[in-house]
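Notes to accompany the following structure.
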Amino acid sequence: MKTYTRTLLVFRQFIITVARCGILLGLIGGLATGSGLGKTGESGRIIVGAKPFPEGHLLAEIMASLIERQTNLRVIRRFELGGTSLCFAALQAGEIDLYPEYTGTGLIAILKESATQDPEATYQHVKQAFLTRYQLRWLDPFGFNNTYALAVRADDPDTERLNNISDLHTTSTLRAGFTREFLQREDGYPGLRRHYGLHFPSVQGLEHGLAYKAIQQKQIDILDAYSTDGKLDVYHLKLLNDDQKFFPPYYAAPLVREATLQRYPEFRAPLGSLKGTISEATMRSLNYQVEQAHRPFESVAQEFLQNSGLIGGAATDASPRSTSFPKFLWERRQQTLRLTLRHLQLTGLSALLATLIGIPIGVAISRSRRWAGPTLSGMGILQTIPSLALLGFLIPFLGIGLKPALAALFLYALLPIIQNTYAGIRSIDPSLIEAGQGIGMTASQILWRVELPMATRFILAGVRTATVINIGTATLAAFIGAGGLGEPIFTGLSLNDHFLILAGAVPAAALAVIADLFLHRFERWMTPKGLRLSR
Numbered sequence: 141m142k143t144y145t146r147t148l149l150v151f152r153q154f155i156i157t158v159a160r161c162g163i164l165l166g167l168i169g170g171l172a173t174g175s176g177l178g179k180t181g182e183s184g185r186i187i188v189g190a191k192p193f194p195e196g197h198l199l200a201e202i203m204a205s206l207i208e209r210q211t212n213l214r215v216i217r218r219f220e221l222g223g224t225s226l227c228f229a230a231l232q233a234g235e236i237d238l239y240p241e242y243t244g245t246g247l248i249a250i251l252k253e254s255a256t257q258d259p260e261a262t263y264q265h266v267k268q269a270f271l272t273r274y275q276l277r278w279l280d281p282f283g284f285n286n287t288y289a290l291a292v293r294a295d296d297p298d299t300e301r302l303n304n305i306s307d308l309h310t311t312s313t314l315r316a317g318f319t320r321e322f323l324q325r326e327d328g329y330p331g332l333r334r335h336y337g338l339h340f341p342s343v344q345g346l347e348h349g350l351a352y353k354a355i356q357q358k359q360i361d362i363l364d365a366y367s368t369d370g371k372l373d374v375y376h377l378k379l380l381n382d383d384q385k386f387f388p389p390y391y392a393a394p395l396v397r398e399a400t401l402q403r404y405p406e407f408r409a410p411l412g413s414l415k416g417t418i419s420e421a422t423m424r425s426l427n428y429q430v431e432q433a434h435r436p437f438e439s440v441a442q443e444f445l446q447n448s449g450l451i452g453g454a455a456t457d458a459s460p461r462s463t464s465f466p467k468f469l470w471e472r473r474q475q476t477l478r479l480t481l482r483h484l485q486l487t488g489l490s491a492l493l494a495t496l497i498g499i500p501i502g503v504a505i506s507r508s509r510r511w512a513g514p515t516l517s518g519m520g521i522l523q524t525i526p527s528l529a530l531l532g533f534l535i536p537f538l539g540i541g542l543k544p545a546l547a548a549l550f551l552y553a554l555l556p557i558i559q560n561t562y563a564g565i566r567s568i569d570p571s572l573i574e575a576g577q578g579i580g581m582t583a584s585q586i587l588w589r590v591e592l593p594m595a596t597r598f599i600l601a602g603v604r605t606a607t608v609i610n611i612g613t614a615t616l617a618a619f620i621g622a623g624g625l626g627e628p629i630f631t632g633l634s635l636n637d638h639f640l641i642l643a644g645a646v647p648a649a650a651l652a653v654i655a656d657l658f659l660h661r662f663e664r665w666m667t668p669k670g671l672r673l674s675r
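The number in our numbering is simply the position in the sequence shown, starting from 1, with 140 added.
See below:
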């Protein structure tokens with residue numbers, strides 16, 4: 141009984157430790173993200189968002205850097221958000237203050253109106269409509285039109301004769317690889333197909349950066365591109381002429397919350413100074429720097445601002461980055477530490493919360509077969525929901541950032557903890573329970589002195605499983621602005637940059653291994669000696 145008494149005391153201490161760890165992880169997250177967990181408009185802080193493709197990231201960094209240099213406002217960056225609908229919803233909800241948007245996207249994808257070919261008329265229309273309907277203001281455009289386009293290999297016998305999009309209806313053998321957003325938007329493939337009468341035997345949904353590799357390796361024959369893509373010349377692609385004028389003008393401009401402009405009017409002038417400063421050729425060159433020369437977004441943005449005379453300072457170092465991954469990882473050590481701390485906060489808090497709630501639920505359903513089946517089935521169904529779908533479902537209720545990410549990870553962590561707690565208690569020999577009752581032990585005493593000690597190995601195995609799985613799942617949190625090690629992974633995917641992908645994947649894998657080893661040791665320490673497995 142001495143062993144069980146020890147385990148009882150340790151188990152109670154475990155609950156106290158869990159609560160303390162939650163506070164500690166909150167402080168860790170504060171170190172990793174500063175004050176970037178709240179909403180917009182808080183004490184001199186501006187939150188800049190960006191869509192998950194290089195140009196959007198670069199334009200957002202240019203705006204963020206300029207605001208930092210020309211005002212006293214503190215800038216929080218929430219980049220790599222999962223597309224137009226998410227960025228726009230975040231802007232409406234006050235989760236971000238501004239992001240770069242395109243006039244054609246605003247007209248068709250958001251306002252759901254028909255395209256026009258007049259750039260100025262399009263801009264003036266979306267400017268007025270957004271201010272009236274959404275209290276969002278379009279500032280002056282940057283100066284370039286980044287229209288959608290279709291691209292094919294320039295040196296391929298099967299495609300070299302193609303010059304116009306209308307030429308595509310004469311062939312039915314080309315395989316298409318389009319971004320998922322292009323496949324869904326009315327100004328993308330659905331409308332283009334109807335307008336030109338197109339039909340492809342194969343249409344795949346691909347990340348933009350991966351589509352370039354696919355067309356180079358001849359896995360696809362045509363892709364959707366942007367006219368300012370820095371990769372077009374590198375991959376020897378040619379743009380097909382939109383001869384029937386389907387695509388509207390896509391002039392990029394800052395899209396800002398009117399409430400933020402009213403509260404902090406001082407940042408309007410810096411953004412206004414960007415008017416007309418970026419031509420198509422300039423944007424293509426900037427994109428090339430981050431996509432092909434693999435220069436950091438911050439470095440390219442600062443160099444552009446310096447060359448444009450918008451900020452002072454010495455010229456930015458344009459030396460290429462290290463070609464050795466260990467050296468590259470060392471160069472990024474500060475970013476990696478910050479992202480790892482954020483990742484630890486996401487997974488740790490969600491696992492701790494799931495432990496505090498999941499163990500009591502597991503104990504409760506072990507007392508009732510009536511509730512055990514529905515509870516475990518419900519948790520099992522929850523596990524079948526794709527992570528991105530669950531995150532998207534939570535955004536209307538919790539916004540973007542930390543809260544929906546924690547909620548989703550918490551829900552995913554519940555099943556193994558509840559299931560293992562239930563299985564551990566149900567596996568106890570009934571004669572032991574009867575013996576406890578026979579010597580006059582109360583139900584509470586039986587729970588704490590018999591059931592929980594004997595089920596410890598099962599319970600902690602569930603906590604261990606939930607934590608390790610959540611470390612991998614938490615990489616998806618970057619899509620909703622929650623940060624973590626998913627940031628370099630998704631940025632690397634958009635840039636087709638293996639070093640950046642590994643810069644997120646390797647620390648995440650290392651974190652999972654360390655967590656598994658630590659929890660394995662803790663599991664053995666908590667389990668009564670007579671119940672430990674020899675391993």
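For glycine and all other residues, C-beta sits at the position ideal for the given N, C-alpha and C.
Inset, instruction - Rounded to whole angstroms, what's the CA-CA distance from Ile568 to Ile609? Just pull it up for me. - result: For the purposes of this step, residue 568 is taken as residue 428 along the sequence shown, with counting starting at 1. For the purposes of this step, residue 609 is taken as residue 469 along the sequence shown, with counting starting at 1. Taking the straight line from one Cα to the other gives about 27 Å.
Inset, instruction - For my contact list, Ile186 and Phe407 are in at a C-beta cut-off of 8 Å; report their separation, rounded to the angstrom. - result: Translated into the one-based positions of the sequence shown, residue 186 becomes position 46. Translated into the one-based positions of the sequence shown, residue 407 becomes position 267. Your pair Ile186 and Phe407 checks out as a contact, with CB atoms roughly 6 Å apart and the cut at 8 Å.
Legend entry - Cβ pair Glu238, Leu411 closer than 9 Å: By 1-based counting over the sequence shown, the position of residue 238 is 98. By 1-based counting over the sequence shown, the position of residue 411 is 271. Note on identity: in this sequence residue 238 is Leu, with Glu being the wrong assignment. For Leu238 and Leu411, yes; Cβs fall inside 9 Å.
Inset, instruction - Tell me, to the nearest whole angstrom, how far the beta carbon of Pro388 is from that of Ile248; I am working on the premise that it is less than 8 Å. - result: Numbered from 1 along the sequence shown, position 248 holds the residue referred to as residue 388. Numbered from 1 along the sequence shown, position 108 holds the residue referred to as residue 248. With a contact defined as Cβ atoms closer than 8 Å, Pro388 and Ile248 qualify at about 6 Å.
Inset, instruction - Drop a sphere of 10 angstroms on the beta-carbon of Ile599, count the other beta-carbons inside from all chains shown, and report buried for 16 or more, exposed for fewer. - result: Your numbering for residue 599 matches position 459 in the sequence shown. Counting the other Cβ atoms within 10 Å of the Cβ of Ile599 gives 16 or more, which makes it buried.
Legend entry - Given 8 Å, three or more beta-carbon pairs between the region 533 to 544 and the region 580 to 596: Result no; under three Cβ-Cβ pairs closer than 8 Å.
Legend entry - Interface flag, Pro593 vs chain B, CB-CB below 9 Å: Structure shown: chain B not included; a single protein chain is present.
Inset, instruction - Compute the Euclidean distance between the alpha carbons of Leu414 and Gln523, then round it to the nearest angstrom. - result: For the purposes of this step, residue 414 is identified with residue 274 of the sequence shown, where counting begins at 1. For the purposes of this step, residue 523 is identified with residue 383 of the sequence shown, where counting begins at 1. Taken atom to atom, the span from the alpha-carbon of Leu414 to that of Gln523 is near 47 Å.
Inset, instruction - Thinking Ala614 and Gly602 are a contact (beta carbons under 8 Å), I'd like their distance in whole angstroms, please. - result: For the purposes of this step, residue 614 is taken as the residue at position 474 of the sequence shown. For the purposes of this step, residue 602 is taken as the residue at position 462 of the sequence shown. Not a contact, Cβ separation roughly 18 Å.
Legend entry - At least three beta-carbon pairs within less than 8 Å, the region 392 to 399 to the region 302 to 310: In the pairwise beta carbon analysis, the region 392 to 399 is classified as not touching the region 302 to 310: fewer than three pairs are separated by under 8 Å.
Inset, instruction - Quick one: which unbroken alpha helix (DSSP H) runs of 4-plus residues sit fully inside the region 513 to 574? Chain order, please. - result: If one requires a minimum length of 4 residues, the alpha helix (DSSP H) runs lying completely within the region 513 to 574 are 527 to 538, 542 to 566, in chain order.
Legend entry - Distance, Tyr562 Cα to Leu546 Cα: Counting from one through the sequence shown, the residue named residue 546 turns up at place 406. Counting from one through the sequence shown, the residue named residue 562 turns up at place 422. Distance between the alpha carbons of Leu546 and Tyr562: 24 Å.
Legend entry - Beta-carbon contacts of Phe282 that lie in its chain and below 6 Å, excluding the five residues immediately before and after: If you number the sequence shown from 1, residue 282 lands on position 142. The beta carbon of Phe282 lies closer than 6 Å to those of Ala392, Leu414, Ile418 in the same chain, with the five residues before and after it left out.
Inset, instruction - Assign Lys358 to buried or exposed, taking buried as 16 or more other Cβ atoms, counted over all protein chains shown, within 10 Å of its Cβ. - result: Along the sequence shown, read from residue 1 onward, the residue named residue 358 stands at position 218. Looking at its Cβ environment, which holds fewer than 16 other Cβ atoms inside 10 Å, Lys358 is exposed.
Legend entry - Rounded C-alpha distance that separates Gly502 from Val188: On the sequence shown, position 362 is the one that residue 502 refers to. On the sequence shown, position 48 is the one that residue 188 refers to. About 43 Å.
Legend entry - For Thr319 and Glu300, the rounded distance between their alpha carbons: Your numbering for residue 300 matches position 160 in the sequence shown. Your numbering for residue 319 matches position 179 in the sequence shown. Approximately 23 Å between the Cα atoms of the pair.
Legend entry - Distance CB(Thr487)-CB(Ala643) smaller than 9 Å: Sequence index remark: in the sequence shown, residue 487 carries index 347 (1-based). Sequence index remark: in the sequence shown, residue 643 carries index 503 (1-based). Ala643 is positioned such that its CB atom lies no closer than 9 Å to that of Thr487.
Inset, instruction - Could you please give me the residues that DSSP links to Leu379 through a beta bridge? - result: Start at 1 with the first residue of the sequence shown, and residue 379 comes out as number 239. Partner(s): Ala291.
Legend entry - Contacting residues, own chain, Cβ-Cβ under 7 Å from Leu635 (five flanking each side not counted): Against the sequence shown, residue 635 aligns to sequence position 495. Once the five neighbours on either side are set aside, the close Cβ partners of Leu635 are Pro194, Gly349, Val430, Glu431.
Legend entry - Residue closest to Phe284, alpha-carbon to alpha-carbon, out of Gly244, Thr256, Pro297, Gln356: For this step, residue 284 is matched to residue 144 along the sequence shown. Shortest Cα-Cα distance from Phe284 to any of Gly244, Thr256, Pro297, Gln356 involves Gly244.
Legend entry - DSSP-derived helix/strand/coil call for Thr224: Mapped onto the sequence shown, residue 224 falls at position 84. For Thr224, the three-state secondary structure derived from DSSP is helix.
Legend entry - Range covered by the beta strand (DSSP E) that runs through Ile192: Locating residue 192 in the sequence shown gives position 52, counting from the first residue. Residue identity differs from the one stated: residue 192 is Pro in this sequence, not Ile. In this chain, Pro192 is not harboured by any beta strand (DSSP E), its DSSP state being neither H nor E.
Inset, instruction - Could you name each continuous alpha helix (DSSP H) segment of 4 residues or more that falls completely within the region 353 to 408, going from the start of the chain to the end? - result: Those alpha helix (DSSP H) runs which fall completely within the region 353 to 408 and span 4+ residues are 398 to 403.
Inset, instruction - Counting only runs of 3+ residues fully inside the region 200 to 249, write out the beta strand (DSSP E) ranges in chain order. - result: List check, beta strand (DSSP E) in window: 214 to 218, 238 to 242.
Inset, instruction - Kindly indicate the opening and closing residues of the beta strand (DSSP E) around Arg334. - result: Here the question's residue 334 lines up with position 194 in the sequence shown. Secondary structure note for Arg334: it is in no beta strand (DSSP E), and the uninterrupted alpha helix (DSSP H) holding it is 329 to 336.
Inset, instruction - Round the Cβ separation of Leu122 and Leu338 to the nearest angstrom and send it over; I've been treating them as touching at under 8 Å. - result: Outside the shown range of the chain, which is 141 to 675, sits residue 122, and nothing can be said about it.
Inset, instruction - Report buried or exposed for Leu167, applying the criterion of at least 16 other Cβ atoms within 10 angstroms of its Cβ. - result: Residue numbering aside, residue 167 sits at position 27 when the sequence shown is read from its first letter. Note that Leu167 scores 47 on pLDDT, short of 50, meaning its location in the model is unreliable and no value can be drawn from it.
Inset, instruction - Reducing DSSP to helix, strand and coil, say where Ala622 ends up. - result: The residue given as residue 622 occupies position 482 in the sequence shown. In the structure shown, Ala622 sits in coil (DSSP, three-state: anything other than H, G, I, E or B).
Inset, instruction - Quick one: grab the DSSP three-state call for Ile579. - result: Here residue 579 refers to the residue found at position 439 of the sequence shown. In the structure shown, Ile579 sits in coil (DSSP, three-state: anything other than H, G, I, E or B).
Inset, instruction - Determine the burial state of Trp470: buried for a count of at least 16 other Cβ atoms within 10 Å of its Cβ, exposed for fewer. - result: As a first step, residue 470 must be located in the sequence shown, where it is residue number 330. Counting the other Cβ atoms within 10 Å of the Cβ of Trp470 gives fewer than 16, which makes it exposed.
Legend entry - Among Asp296, Arg334, Asp364, nearest to Phe322 - alpha-carbon criterion: On the sequence shown, residue 322 is found 182 positions in, with the first residue counted as 1. Minimum Cα distance to Phe322 is reached at Asp364.
Legend entry - Contact check, Glu235 vs Arg218, beta carbons under 9 Å: In the sequence shown, the residue the question calls residue 235 occupies position 95. In the sequence shown, the residue the question calls residue 218 occupies position 78. Cβ atoms of Glu235 and Arg218: closer than 9 Å.
Legend entry - Bounding residues of the beta strand (DSSP E) (the contiguous stretch that carries Trp588): To locate residue 588, count along the sequence shown from 1; it is residue 448. Segment: none, Trp588 is in no beta strand (DSSP E) and carries neither H nor E.
Legend entry - Per-residue DSSP class, three states only, for Ser342: Numbered from its first residue, the sequence shown carries residue 342 at position 202. The answer is strand: DSSP assigns Ser342 an E or B state.
Inset, instruction - Would you decide whether Gln402 is buried or exposed? Buried here means 16 or more other CB atoms lie within 10 Å of its CB. - result: Along the sequence shown, one-based indexing puts residue 402 at 262. By the neighbour-count rule (16 or more Cβ atoms within 10 Å), Gln402 is not buried but exposed.
Legend entry - Test item: CB-CB of Ile651 and Ile620 under 9 Å: Taking the sequence shown and counting its residues from 1, one reaches residue 651 at position 511. Taking the sequence shown and counting its residues from 1, one reaches residue 620 at position 480. According to the sequence as given, residue 651 is Leu; it is not Ile. Contact: no.
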